[in-house]
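Residue numbers (the working numbering), protein chains in the order written: chain U, 442 to 1150; chain Y, 2 to 157.
Built from N, CA and C at the ideal position, the CB exists for glycine as well.
Keep in mind it's a predicted model, so treat the numbers as computed, not measured.
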Amino acid sequence: MSTMLNRDTFLKLSVAGGSGLALGFSFRGEAAAKGQIAVFNPNAYVAITPDGLVTIQVSKSEMGQGVMTGLPMTIAEELDYPFEKLRIEQSPAAPEYYDPVMKSQQTHGSSTTPDMTIPMRQMGAMARAMLVAAAAEKWGVPASSLVTKGDGMIYHPPSGRSGSYGEFALLAALQPVPKDVQLKSPDQFRIIGQRKNRVDVPSKVNGRAKFGMDVKVPGMLYASVQKPAVFGGKVVSYDATEALKVKGVKKVVQIASGVAVLADNTWSAMQGRFKLKVRYDDGKWANLSSDQIFAEAEKLANSPGAVAKHTGDADAAMKRPDVKVVAATYRGPYLAHATMEPMNATAWVHDGIVEIWAPTQHQTPSQDAASKITGIPLERIKLTTTFLGGGFGRKGETDFVEDAVEASMKAGVPVKVVYSREDDTQHDYYRSANTSVFSGAVDSTGKIVAYKLHNVNTSQFKRALPFLMAKTGVDPSIAGSTVVVYDLPNVHAEYTYHDLPIPTGFWRAPSTNWNSFATEVFIDELAHAAGKDPYEFRRMNIKDPRALRALDAAAEKAGWGKPLPPGVYRGIAITLLSNSIAANVLEASFSGKNVTVHRVVVATDVGMVINPAIVEAQARSSVNYALSAALMGKATIEKGRVVQNNFYDAPVLRHNQAPAIEVLVMPSGPTAFGTGEHCVGAVAPALVGAYFAATGKRIRALPISDALA
Amino acid sequence: MISVNINGEQHELDVAPEMPLLWAIRDVVGLTGTKFGCGVAECGCCTVHLDGNAVRSCSTSCANAHGKQVTTIDVAGQKGEHKAIVARLQEAWIVEQVPQCGYCQSGQIMQAAALLAKTPKPTDEQINTTMAGNICRCGAYQSIHAAIKRAAGVTA
């Protein structure tokens, strides 16, 4: 496969080196003559020194999804260099590391693999081509007569000569940057597709991995911020007299989000904060409740909305005499992310610069936010990305970074802001509550002939990416209900934005974390109306061949249709998120309020597979994350605030509740898609399907614990 | 003054006696392998050994640790009473590729070490019961379970 280097990306990447030094090609000859080149860095991602050390920069945030392993694997593949010998570093936050599609440094939306795989392979291929050109020049032989074998050596078979990459590094820096590079065909892969161990694992078993929470800067104070509990509320005044008497408390400063108590340790900051006397203006939402929200949403869902999709004539199809019509309303709660590492960030505003250390998914937006707060230009905002103790979309927000920057600016010292678990639970950017009204029809053969829905939520897009909704008023994530694997001839979909003060954000598998639930439970309801088995009904109505293959694989592996132990029931569901597919068969038993999930079989197709071990781990992770939400996840609104506090009243899945999970990885095609979240969507509907198989009752509102209460 | 031995080193700490041991370990002594997750002994991220027993350091006061031996993940692989067990667990954690985000893993390993110290060959049920207090939001539970069995030499 030959690919042209994207010119924009290419120029950006080739002009600035990983060190931040400008190393444009035109300067290279001169620099080499002066002995200034000590490293061959053909682009911002690869650096090779004469001693043979190959250093790779990873521009994306490592939050457990494996980018620090996966991205370097793709570079090493084309560089033809042993993956295990790479030195791998988290890159700085800088324009040369912008995602080539987003034009910003961010990690979200299952975008890393599709956006970065080809560019990273190109970076590796570019470096290899220049090394080979250097060897050709040195040996006076044609480059076409040289080969590499994946061991970091260049061979000239006719003469038997060989040399290591390091030997050619400086000469390679003088070679012209190739205009296009030849990428390997899959049958030439030595690294892509292999179960390589994750590079971050050793430091994560001995306590040495540094998370945002572990940052310590000389002279730093620790901060705990008291914020209005009511959404839309404001601090009117505060009295810090008692707070300042707490041992260790040094300062109290007001910032945009609340009142920050600064101390010489985290605990003292929290203790001081509890002694603050704060007066609030609760604003106009002080009586808002979840009950009120859902009642309003249901009214909105049964009134006309903005048309998101209209194909064929669903209304006419539903009136046909030979069809059965089904209608149902589904409801999902607000969900907090509950990353294991609560939100935190460290900042130091000093001498006309800002330094930030943060477990962030969004480097560039964090820098933008810091620039806005301080008036210091973007290029003087230095951000160091630590490991993230979980992300799931939450750490793509910038609120915790803003708190630290503003507190440091006001206090004049480096400040680490630490959210308590209660802060984390009550000041999240929640997965929106959702209400979806569905109706549809099946004909006598079991084909879906009409599919209608109206979804109401407080789309995060309106706040986070408003331009996507400006024209149509339609939340683009409703696509998760309409871009499905099924053959749907007549579709009518509407969307209504629910204007509420509760901040909403991206939550693992945005869109499908809700839409796949509503869609797949509705598919089960249509199957039941048609008198068909849920698996067979899906087979009849799925048009996407990759989806059909995954569904069949999951059903076969799980033994669909074969007898189960007494009291155990199955459900099946399928989900599609940005080209990644997951089909689940789930086995569970139900007794009163108790739900036991015994086994989940996941068949997943993420296109070309870079590291099957990571795909499997992410599938298991997504299933457990989704089970947590399906079984017991909710953030309840009462009196304008979130009721839940901590894991005791906002429970999550625990070790003893985790099912056996079997993952079938099904490679397809030449393109690699995301793998960190798509397996979330098919879990809850499969569980509801199992409950229906067990009881004949359909659960249409999550979490399931509420339905069984 | 709180007098506490952490990983074999004696520390005299000028902290409020009611300060949770977690914050003394992290912010005062500067050992950051032990994590803050919930502050109320619900998640297990902060698990350390106090005189050999697994405790939640976020809910153990410095006063209660006075005069005692604390072992944290930071040097647990190199010395201390559970040296061999922790080292075996760490090896198994690597073989099973357990950590994802990794934030909870110090606590998971310290909890598992306390289990294996008392119950060298735990059953599935014993592992489930003992590890139920340690939350992993990445949901690496299946790998954690497999790694404990591997370290214990218990076959599936």
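For residue 36 of chain Y, the nearest beta carbon of chain U is closer than 9 Å to its own beta carbon. Boundaries cannot be given for residue 33 of chain Y, as no alpha helix (DSSP H) includes it and DSSP labels it neither H nor E. Residue-level contact check: residue 725 of chain U does not touch chain Y, since none of the beta carbons of chain Y fall below 9 Å from its beta carbon. As summarised for the region 888 to 975 of chain U, the continuous alpha helix (DSSP H) elements at least 4 residues long and confined to that stretch are 901 to 905, 908 to 911, 920 to 923 and 953 to 971, given in chain order. Proximity to residue 1068 of chain U across U:1120, U:895 and U:1109 peaks at U:1120, based on C-alpha coordinates. Counted as a single uninterrupted DSSP element, the stretch harbouring residue 143 of chain Y is not any beta strand (DSSP E) but the alpha helix (DSSP H) occupying residues 142 to 153. Taking 9 Å as the Cβ-Cβ cut-off, the region 495 to 511 of chain U approaches chain Y at 503, 504, 505, 506 and 507, given in chain order.
Inclusion of residue 568 of chain U and residue 694 of chain U in the CB contact set at 9 Å is not warranted, their separation being larger than that value.
Rounded to the nearest angstrom, the gap between the Cα atoms of residue 704 of chain U and residue 825 of chain U is 23 Å. DSSP places residue 481 of chain U within a strand segment (E or B) once states are collapsed to three. Within the region 712 to 793 of chain U, the alpha helix (DSSP H) runs of at least 4 residues that lie entirely inside it are, in chain order, 731 to 742 and 755 to 759. Contacts with chain Y (Cβ-Cβ distance below 7 Å) from the region 884 to 907 of chain U involve no residue at all. Contact check for residue 497 of chain U against residue 516 of chain U passes: the beta carbons are separated by less than 9 Å. The alpha carbon of residue 528 of chain U has as its nearest neighbour, out of U:785, U:623, U:639 and U:1143, the alpha carbon of U:639. With contacts defined as CB atoms closer than 9 Å, residue 1073 of chain U and residue 854 of chain U fail to qualify as a contacting pair. The Cβ atoms of residue 95 of chain Y and residue 128 of chain Y lie no closer than 9 Å to each other. Annotation: the continuous alpha helix (DSSP H) that includes residue 843 of chain U extends over 840 to 852. Comparing alpha carbon positions, the residue from U:520, U:999 and U:960 closest to residue 771 of chain U is U:960. Close partners of residue 133 of chain Y in chain U (Cβ separation under 7 Å): 1095, 1096 and 1097. At a cut-off of 9 Å between C-beta atoms, residue 779 of chain U counts as an interface residue with respect to chain Y. For residue 116 of chain Y, there is no enclosing beta strand (DSSP E); the residue is found in the alpha helix (DSSP H) stretching over 106 to 119. For residue 790 of chain U, same chain residues with a beta-carbon under 6 Å away, outside a window of 5 residues either side, are 815, 849 and 850 in chain order. Remark: C-beta atoms of residue 958 of chain U and residue 1126 of chain U approach each other more closely than 9 Å. Short of 8 Å from the beta carbon of residue 30 of chain Y, and not among the five residues preceding or following it, lie these beta carbons of its own chain, in chain order: 7, 12 and 14.
Per the coordinates, the alpha-carbon of residue 27 of chain Y lies some 44 Å from the alpha-carbon of residue 733 of chain U.
Residue 625 of chain U is not a Cβ neighbour of residue 525 of chain U, given a cutoff of 9 Å.
Annotation: Cβ neighbours of residue 136 of chain Y in chain U (cutoff 9 Å, chain order): 779, 781, 1088, 1093, 1094, 1095 and 1096.
Proximity to residue 696 of chain U across U:945, U:767, U:861 and U:846 peaks at U:846, based on C-alpha coordinates. For residue 648 of chain U, the nearest CB of chain Y lies under 9 Å from its own CB, placing it at the interface with that chain. In the three-state reduction of the DSSP assignment, residue 798 of chain U falls in the strand class. Around the C-beta of residue 715 of chain U, fewer than 16 other C-beta atoms lie within 10 Å, and the residue is accordingly described as exposed.
Among the residues of chain Y, those whose CB is under 7 Å from the CB of residue 642 of chain U are 95, 98 and 100, following chain order.
Counting only the Cα atoms, residue 606 of chain U lies some 9 Å from residue 592 of chain U. Only exposed fits residue 1089 of chain U, as fewer than 16 other CB atoms lie within 10 angstroms of its CB. Under DSSP, the beta-bridge partners assigned to residue 857 of chain U are U:663 and U:787. Per DSSP, residue 620 of chain U lies in no alpha helix (DSSP H) and is assigned neither H nor E.
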